[in-house]
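Number of protein chains: 2
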Amino acid sequence: MKILKDRIVADGVAIGTEIVKVDSFLNHQIDVELLDQIGQEFAERFRDCEVTKILTVEASGIAVACMVARHFGNIPVVFAKKAAPSTMTEGFYGAEVKSFTKGTTSVVRVSEKFLKEEDKVLIIDDFLAHGEAALGLSNLVEQAGASLAGVGSVIEKQFQGGSKRLRDLDIRVESLAVIEAIKDGEITFSERLK
Amino acid sequence: MKILKDRIVADGVAIGTEIVKVDSFLNHQIDVELLDQIGQEFAERFRDCEVTKILTVEASGIAVACMVARHFGNIPVVFAKKAAPSTMTEGFYGAEVKSFTKGTTSVVRVSEKFLKEEDKVLIIDDFLAHGEAALGLSNLVEQAGASLAGVGSVIEKQFQGGSKRLRDLDIRVESLAVIEAIKDGEITFSERLK
């Protein structure tokens with residue numbers, strides 16, 4: 001997605017060889033108009049999938065997920081919780097997610113009420129790195145007996161292997177900007193995918 | 001806002017005298033179409049304020065904030081972070097927020113880059129209870145030297161006093177559904193505000 005890659009080049013900040021900081025438009029300050037275009041792009045890529053529900057994880061994924069849902073005719077968004085809220089009193093599905101940056105493992109949870117066997121779920125997140133969050137979310141979909149349309153990530157850091165892990169499990173992955181390498185403050189995009 | 005109050009009555013779950021659970025349409029599963037109407041309503045109520053930025057706090061506020069921003073012509077959304085991310089390396093504004101339900105105090109943070117003296121900020125959140133989150137966010141606005149258009153909450157629990165605390169500080173508050181009491185599984189709305 002050219003407009004997104006241009007924005008990453010213009011406003012993203014490359015840190016070391018692992019991190020690209022996009023807090024000016026994606027995960028701290030949000031450019032709602034860009035997100036709307038991102039939502040439209042995902043809806044076009046997964047148009048053939050009869051998606052009934054968007055699944056994401058708090059917090060940065062929520063804005064993207066809502067904008068995607070609009071372009072699927074306002075289907076529901078469900079966001080997995082990273083902490084068990086006091087009001088989550090009934091049954092829920094839970095899956096462990098490892099954080100490579102923080103070196104911690106947390107559990108993401110979705111109430112059983114909001115993932116059903118008849119659902120066709122599209123997982124949406126801002127970043128796809130090692131694939132841990134997407135794998136955790138797809139685990140929740142599996143527990144619910146629902147089907148998975150695929151995983152849509154705004155920015156994929158290909159070199160961290162998440163997309164390969166997902167595709168090896170026959171999960172469809174669509175990333176709008178695929179970063180091949182981050183080095184000396186420069187971001188190189190993969191041209192393998194559009 | 002009648003459509004919202006009807007939805008709270010239909011799908012909200014009253015727990016004890018303090019909690020109304022709206023996880024089926026607002027803060028776990030999200031009804032994007034309802035949120036769009038909520039966004040429009042806030043935009044109408046604050047139309048006279050020349051708002052330049054929407055400020056909220058992760059996680060549940062993000063979806064509402066984005067939908068409000070759309071109806072202000074896609075102005076930027078900034079969401080305060082509850083934990084300092086590893087990439088928040090530069091200066092930030094921080095404010096303490098007490099959680100009455102959890103009995104804890106946390107710090108919400110916004111990067112200095114995203115709140116400027118020339119900004120006119122509208123604070124948006126899903127709930128207004130004791131007012132702690134809104135007060136913390138308005139503190140961030142003050143630190144930045146920006147001006148505050150007001151606070152918009154989707155659901156206000158009037159009996160927890162947050163709106164009074166804010167109005168006593170001359171902060172404009174607009175709540176789309178004002179709950180006067182929760183008792184025996186029944187939710188009573190205040191008719192004082194529309």
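These protein sequences, in sequence, are chains S and P. In terms of the numbering used here, the first sequence opens at residue 1 and continues consecutively. In terms of the numbering used here, the second sequence opens at residue 1 and continues consecutively. For each residue, glycine too, the CB sits at the ideal point set by N, CA and C. Note that the structure is a prediction, hence the values are computed from the model and not measured.
Within chain S, no residue has its CB atom less than 9 Å from the CB of Ile-179(P), the nearest being about 15 Å off. For Val-77(P), the neighbours in chain S by C-beta distance under 8 Å run, in chain order, Gln-29, Ile-30, Val-32 and Ala-63. Between Ser-175(P) and Asp-126(P), the C-beta gap is not smaller than 8 Å, which leaves the two residues out of contact. Taking a C-beta distance under 8 Å as the contact criterion, Ser-190(S) and Gln-158(S) qualify as a contact pair. From the beta-carbon of Cys-49(P), no residue of chain S is found nearer than 7 Å; the closest lies around 18 Å away. When secondary structure is reduced to three states using DSSP, Leu-140(S) falls in the helix class. Listed in chain order, the beta strand (DSSP E) elements of length 3 or more contained wholly in the region 83 to 154 of chain S are 92 to 99, 104 to 111 and 120 to 128. About 6 Å separates the Cβ atoms of Val-64(P) and Ile-38(P), confirming a contact at the 8 Å cut-off.
Bridge partners of Gln-29(S) according to DSSP: Val-78(P). The criterion of a C-beta distance shorter than 8 Å is not satisfied by Gly-136(S) and Arg-165(S). DSSP places Ser-190(P) outside both helix and strand once states are collapsed to three, so it counts as coil. Residues of chain S whose Cβ lies closer than 8 Å to the Cβ of Ser-163(P) do not exist, since the nearest Cβ in that chain is about 22 Å away. One alpha carbon belongs to Glu-50(S), the other to Ala-177(S), and they sit about 24 Å apart. Nearest to Lys-2(S) by alpha-carbon distance, out of Gln-29(S), Thr-17(S), Glu-41(S) and Ile-30(S), is Glu-41(S). Annotated three-state conformation of Leu-166(P) is helix, per DSSP. Excluding sequence positions up to five before and after Met-67(P), its CB lies within less than 6 Å of the CB of Leu-35, Asp-36 and Gly-39, all in the same chain and listed in chain order. Taking 9 Å as the Cβ-Cβ cut-off, the region 136 to 159 of chain S has no residue approaching chain P. Residues of chain P with a Cβ closer than 7 Å to the Cβ of Glu-18(S) do not exist, since the nearest Cβ in that chain sits about 10 Å away. Judged by pairs of C-beta atoms under 8 Å, the region 93 to 101 of chain P does not touch the region 90 to 107 of chain S, as fewer than three such pairs exist. Taking the Cα of Lys-120(P) as reference, the smallest distance to any Cα among Ile-54(P), Glu-18(P) and Gly-103(P) is reached at Ile-54(P). Annotated three-state conformation of Val-13(S) is strand, per DSSP. If you draw a straight line from the Cα of Glu-90(S) to the Cα of Ala-181(S), it is about 44 Å long. The C-beta of Arg-109(S) has 16 or more other C-beta atoms within 10 Å across all chains shown, which makes the residue buried. Restricting attention to Gly-185(P), Leu-148(P), Thr-101(P) and Ile-155(P), the CA atom closest to the CA of Asp-170(P) is found in Leu-148(P).
Secondary-structure assignment with DSSP links Lys-2(S) through no beta bridge to anything. Shown here for Val-20(P): same chain residues with a beta carbon closer than 8 Å to its own, the five before and five after excluded, namely Ile-8, Gly-12, Val-13, Ala-14, Ile-155, Lys-157, Ile-179, Ile-182 and Ile-187 in chain order. Contact annotation for Ala-69(S) against chain P: Ile-30 and Val-32 [CB-CB distance below 8 Å, chain order].
Straight-line spacing of the CA atoms in Val-151(P) and Asp-48(P) works out to 14 Å.
Residues of the same chain with a CB within less than 6 Å of the CB of His-71(P), apart from the 5 flanking positions on each side, are Gly-39, Gln-40 and Ala-43 in chain order. DSSP places Val-173(S) within a strand segment (E or B) once states are collapsed to three. Taking a Cβ-Cβ cut-off of 9 Å, Glu-186(P) has no neighbours in chain S, whose nearest Cβ is about 18 Å from it. Residue contact check for Glu-58(S) against chain P: a CB pair falls below 8 Å. Around the beta carbon of Lys-81(S), 16 or more other beta carbons lie within 10 angstroms, which makes this residue buried.
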